[in-house]
Each structure stands twice: as structure tokens, then as C-alpha cells.
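Before any comments, here is the structure.
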Amino acid sequence: MTRTAAILVEDLYQEMEVWYPCYRFREEGVKTVFVGTGKPEYKSKLGYPVKAEADAREVGAQRFDAVVVPGGYAPDLLRRHETVNRLVGDMHRAGKVVAAICHGLWVCCSAGILKGRTVTCFFAVKDDVIHAGANYVDREVVVDGNLITSRMPDDLPAFMRETLKSLGQHR
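All residue numbers for the sequence shown refer to my numbering, where the first residue is 428 and numbers rise by one.
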């Protein structure tokens, strides 16, 4: 059975935090779907384009086994869409893998899934995750059940190692 991972995209995404997970998933035979907020294409912080393959208004948690919330400034735009917050929250409540890196934790804050969880993130988002009820720790990767979090692009190898491992455990 082929697994499917949603990768959330919006303008000003961090290039490595979208494309590294995409290619690692594909290497492992996991189908990827770039899920946006309504536009056909989004530009990264450096202008690199990604084409949306689905709209958050038209997909649900039942379609995916995992969701990746990349960083950059995209999460501040993503969290403004209730459909994105609902997708991430529904994935979490269904016990599916929710993997967020860097500023991606902003979406997790808005989805209401951090209370009582132990997470890491980019240090500038630390106060937000604490105010959302999370226990913040400064580590390259943190796995708390089906929630996987990391701090920055340098953490991507550990982030994807743990995300792929969790994908094998949480169906």
C-alpha cells in the first residue's frame, strides 16, 4: 500500500524545508502532494516556484498518512486559513504523522495541537509554542507520539529520519 504525504506550501516557504522532505519521501516510495491555499503556484523566499497539486479547501485527513509543515514565512500565511488548521488538527487527532520544522510550528499553534506536547522549533517561535501549551526543548529533532518537530534546515536529516520512522509506525 502506497503512503501519501501532504507538504503544505504558501508564498515565502523555506526551499530546503519543502524540497528535502519531498525528495526523501519519494526515495522511500511515499507519494507527495503539495497542498496550497488556493493559488496554482507559490514562490519561496528566494523566488523558487512550487506548483500546488491540491487545495486545502478540497482535501481531508483521510487522504494522507503524513503532513509536513515547512518553515520560512509561509506558516504565517498558512495559519490564516482555517482549512489548513483543520487539516493539521484532523491529521493529529487521527494519529497520523504531523511533522513541522522551523516556523512551521506556527501552524501547529493555530491548529491547537501543542498543549502538553514536547516540541522544538526555530528559537524565534519558542514563545509562541510555549503560549500554546507546549514544553519547548532545544534539540535537532523531537518525537512526541505522532508529532515530529525540528528547528532549522540543518536538522533536516534527523527530521526526515524520524518522520519516515514514524510513518512506518503510525498508520
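For glycine and all other residues, C-beta sits at the position ideal for the given N, C-alpha and C.
Keep in mind the model is a prediction, meaning the values are calculated, not measured.
What's the call for residue i, buried or exposed, on a 16-neighbour Cβ count within 10 Å?
i: Phe549; result: buried
i: Gly498; result: buried
i: Arg506; result: buried
May I ask which residues mark the beginning and end of the beta strand (DSSP E) holding residue i?
i: Gly463; result: 458-463
i: Thr431; result: 431-435
i: Tyr469; result: 468-470
i: Val569; result: 568-571
i: Val574; result: As written in the sequence, residue 574 is Leu, which differs from the Val given in the question. Residues 574-577.
i: Val524; result: 524-528
Thinking C-alpha only, which one of the options is nearest residue i?
i: Ala538; options: Gly522, Asn562, Asp554, Arg513; result: Arg513
i: Asn562; options: Trp446, Ile540, Asp581; result: Ile540
i: Gly463; options: Cys449, Ala481, Cys535, Arg453; result: Ala481
i: Lys472; options: Ser577, Cys449, Tyr447, Met443; result: Met443
i: Gly531; options: Val477, Ala501, Leu574; result: Ala501
i: Cys536; options: Val570, Leu574, Ala521, Leu439; result: Leu574
i: Thr429; options: Arg490, Gln441, Pro476; result: Arg490
i: Glu485; options: Pro476, Thr510, Leu504, Pro467; result: Thr510
i: Asp503; options: Val477, Gln441, Thr547, Cys449; result: Gln441
i: Lys478; options: Val436, Leu505, Gly498; result: Val436
i: Val564; options: Cys529, Thr547, Ile557, Val556; result: Thr547
Expressed to the nearest angstrom, what Euclidean distance is found between the alpha-carbon atoms of residue i and residue j?
i: Met579; j: Phe586; result: 9 Å
i: Thr599; j: Ala551; result: Residue coverage of the chain in this structure runs from 428 to 598, which leaves residue 599 outside it and unanswerable.
i: Ala488; j: Val534; result: 15 Å
i: Leu576; j: Gly543; result: Here the sequence assigns Thr to residue 576, which means Leu is not the residue at that position. In a straight line, the C-alpha of Thr576 is about 14 Å away from that of Gly543.
i: Phe452; j: Val445; result: 11 Å
i: Asp517; j: Asp554; result: 24 Å
i: Glu567; j: Thr590; result: 13 Å
i: Pro476; j: Arg520; result: 31 Å
i: Phe461; j: Tyr450; result: 12 Å
i: His508; j: Gly560; result: 21 Å
i: Val569; j: Asp582; result: 11 Å
i: Val515; j: Thr545; result: 17 Å
i: Arg588; j: His558; result: 28 Å
Considering just the uninterrupted stretch of the alpha helix (DSSP H) at residue i, what are its terminal residues?
i: Ala585; result: 583-596
i: Lys553; result: 553-558
i: Ala538; result: 532-538
i: Pro502; result: 501-505
i: Pro448; result: 442-454
i: Val511; result: 509-520
Count the CB pairs spanning the region 582-594 and the region 450-457 that are closer than 8 Å, and state whether there are at least three. yes
Contact between the region 479-499 and the region 523-534 (3+ Cβ pairs under 8 Å): yes
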